[in-house]
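Heads up: the protein sequence lines correspond to chains A and B, in order. For the first sequence, counting from 1, position 154 maps to 154 in the working numbering; every step adds exactly one. For the second sequence, counting from 1, position 14 maps to 178 in the working numbering; every step adds exactly one. Below is one structure; the comments refer to it alone.
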Amino acid sequence: MDRQQIALKLTIDGLELPFKIDTFYDRLILQKAVYLSQAIGINLGYYYQWYLHGPYCPSLTRDEYAVAVELGQDIDESKGWTLDDVSKDRLKNLKNLIPKVEQKKISRKLELLSSIHFLVSRKQIRCSEANEISNTLKKFEKDFTEEEVREAVRELQEYGLLAR
Amino acid sequence: MGCSQDSKSEKLIVDSIHGDIHLNKREIDVIDTPSFQRLRHLKQLAMAQMVYPTATHTRFAHSIGALGMMIRILDAAGRNGLDISPEQREQLRLAALLHDIGHYPYSHLMEKLDRVDLSEEIVKETKIVSKAIDKQIIPYPRHEELGSLIVTQRPDLLEALGSPEQAKIVADIFTRSVTADAQLSKLVHSSFDIDRWDYLLRDSHATGVPYGHIDINYLLNNLRASSEKILGFSLKALPAVEHFLLARFFMHRVVYYHKTIFGLEEACRQLLRRLRDRNVDHNGIPLDGEQVKVIAKSDDLHGFTDAFVDNIVQRAVKDEDKVIRVLAKAIQSRKPPKLIKEVPVCEEPGSKHNDGTVFFERCQNGLKSLSEEFDIPLGQFILCKPKIKIMETPREYRAYEITSLNADELRARAHEEEEEQIWIFKDGNKEPDSFWDIEYSLVGKFSKYFFQSYRLYLVYDGDDENKVFDKLRITVKDW
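Structure (structure tokens):
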């Protein structure tokens, strides 16, 4: 692991998520969790673009696999390292945004949160209109209801990820 | 050597790899901007010329070559079913030309500063308090992100490209962003892209090393496109595809990860990180990603070239810090870090322990005492482990997984997860199959293997070099 990969591992640990990439949902959760961590001010250096399931970073995928392979070999070079205190506090707060439910439901929620944040912060949509967001997401073949969108926007605002 | 003919061209550049490259008016305008001319002062292979003296070609030559490559691919794909509009064609050509516009001085060397580990951070005895990673500091952006910023915000390029909208479309293609056509973007960045095709041929030609000489004409002649613009190769070109994958692998082993070249580059990375991350006198190195972006948006960009780093190294030779001084002298006077021990490993991912991981762990445990025993500062030891996979497959697909997915599902996954997917058109099929689906491909079978070289270097400045290295090598023999 290099420093960026160590920081990635510490971030996922800070969110109390398992570093798993076995299934599509595992990988989606890691992608979106890192996206939201960066949005909250943990600067890991991953540049996201829009793909089929919302914001996605190819170089993060490569790091995920590199870290997972080492963890599979019982090598964890993040031991002995720690994040700075401010970043740790931010992760502690963000952790509460991730529900303790089955993988598929977590991935759906994180996909929605990160997609809305990406589209609003890149000025593709306004966050004031839930139906506008829902319709935009439908264009990308995402089936999120207005109610789900409204709740997601409220949570993003509550956690300081979007301005009210 | 190929030749890219274009009856509407206004200028002709003769390239040593692709032959004649015909440029249109807009491309000439782009090339003539100061932002693009900066690429003349970035060596394509950073410090490789310290070993291969003729490897002095530049990002400028590679960028023109990438355009030449794109013209050849578009011509070939057009003859074989790829239907794209003249506008898209123009945008793809510009994206190829500009794909490396955001490179740092010495390219990846400076870009990856945030990933560099110093020996003090690697050894296990170091106190935890000194091993905190401050993630409030913004890392250096990747060169594609920086390139997007330059293309969409530098006035000279905005003017040359005609409009901010056109600039954004071009940048979106080379960063594979929201609005870009995903399949067309892959021509610029993927396993088989104009970047790799050109750099393998060009780096091989410039170094004199034969391994990058891919069968470009045969690949181009066998390029196919599906109705959904998915580009692949006809089955008979499979050996050329496999050769391409191996060419990249061998070029990494012989050139990019050459022990002396990599050692010098790693010494320079460590030098720059030490200067940047200390409390005083950073020698002008941007302290974080925000400062890099400020440079990219201002006229300071024009001086953000290899000479920027050369000047830092020159000043660092007289630095008060001994480790910084020794590293700088090693680079300036080409006294490269010498290998104390190297453990090369070729394995499948997932194997529990290998000689390399054992060696690395022993270094982590023993390096501090070694440094004390020989009275050499820990920072003069360089521990690294460059790695190359035959294919950068994010996920190991097995044959039954491939066959259990239909074409749309496979494509969806390829779109999001597998930049490295390669498509093969079997005889008579209009839709391609995955390269991994071809069971008799030798390279496919080994694609999950990686080569990794665990290395312990020392940068030494004493007069008793041979004696010290002999003794060190005996000490670490069984690590």
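Don't be surprised by glycine CBs; every beta carbon is placed ideally from N, CA and C.
If you draw a straight line from the Cα of Asp26/A to the Cα of Phe338/B, it is about 28 Å long. The straight-line gap separating the alpha-carbon atoms of Ala225/B and Arg204/B is approximately 8 Å.
Proximity of the region 298-314 of chain B to the region 42-50 of chain A meets the contact definition, three or more beta-carbon pairs being nearer than 8 Å. Short of 7 Å from the beta carbon of Gly229/B, and not among the five residues preceding or following it, lie these beta carbons of its own chain, in chain order: Asp179, Ile181, His182, Asp362 and Arg366.
Under a criterion of Cβ atoms nearer than 9 Å, the residues of chain A adjacent to Glu309/B are, in order, Tyr47. Counting the other CB atoms within 10 Å of its CB gives Glu275/B a total of 16 or more, which places it among the buried residues.
In this structure, DSSP gives Tyr363/B a helical state, which the three-state scheme calls helix. Here Tyr420/B is actually not in contact with Ser617/B; their C-beta atoms are around 11 Å apart, not less than 8 Å. Around the beta-carbon of Cys432/B, 16 or more other beta-carbon atoms lie within 10 Å, marking it buried.
In summary, the residues of the region 76-106 of chain A whose CB is separated from some CB of chain B by less than 8 Å are Gly80, Trp81, Thr82, Leu83, Asp84, Val86 and Ser87, in the order they occur in the chain. A distance below 9 Å separates the beta carbons of Ala68/A and Lys20/A.
In the displayed model, Val280/B falls within coil according to three-state DSSP, outside both helix and strand. In terms of Cα proximity to Cys548/B, the closest of Ala404/B, Gly245/B, Thr218/B and Val280/B is Val280/B. Between Ser37/A and Gly54/A, the CB-CB gap reaches or exceeds 9 Å. Measuring C-alpha to C-alpha distances from Pro508/B to each of Val487/B, Ile552/B and Asp474/B identifies Ile552/B as the nearest. Around Asn135/A, no beta-carbon contact reaches into chain B at under 8 Å, the shortest distance being about 17 Å. Here DSSP, grouped into helix, strand and coil, assigns Lys551/B to strand. By the 16-neighbour rule on beta-carbons within 10 angstroms, Val456/B is buried. Using a Cβ-Cβ cut-off of 7 Å, Arg306/B is close to Tyr47 and Ser59 of chain A, given in chain order. Its chain contains Trp643 as the residues whose beta carbon lies nearer than 6 Å to that of Arg526/B, once the 5 sequence neighbours on both sides are disregarded; these appear in chain order. When rounded, the separation of the alpha-carbon atoms in Pro374/B and Ser368/B is 6 Å.
Assigned with DSSP and collapsed to three states, Leu97/A falls in coil, not helix or strand.
For the pair Ala331/B and Arg190/B, the CB atoms are not nearer than the 9 Å cut-off. Interface criterion not met: the Cβ of Ile116/A is under 9 Å from no Cβ in chain B. Considered as a whole, the region 168-234 of chain B harbours 175-179 and 183-187 as its complete beta strand (DSSP E) runs of no fewer than 3 residues, in chain order. Looking at the DSSP output, Cys510/B sits in a beta bridge with Phe615/B. In the DSSP assignment, Ser398/B falls within the unbroken beta strand (DSSP E) covering Leu395 to Ser398.
In this structure, DSSP gives Lys88/A a helical state, which the three-state scheme calls helix. In this structure, Val215/B places its C-beta atom within 9 Å of the C-beta atom of Ile425/B. Comparing C-alpha distances from Asp357/B to each of Asp441/B, Ile638/B and Leu395/B shows the shortest one belongs to Leu395/B. C-alpha of Val153/A to C-alpha of Ile116/A: approximately 8 Å in a straight line. Cβ-Cβ distances below 8 Å link Arg489/B to Ala480, Val481, Lys482 and Asp483 in the same chain, with the five nearest sequence neighbours on each side left out; the list follows chain order. Identification of chain B residues near Gln157/A by a Cβ-Cβ cut-off of 8 Å yields none; the smallest Cβ-Cβ distance measures about 22 Å. The Cβ of Asp2/A sits closer than 9 Å to at least one Cβ of chain B. Within chain B, no residue has its CB atom less than 7 Å from the CB of Asn131/A, the nearest being about 21 Å off. The C-alpha of Gly467/B is placed about 24 Å away from the C-alpha of Ile301/B.
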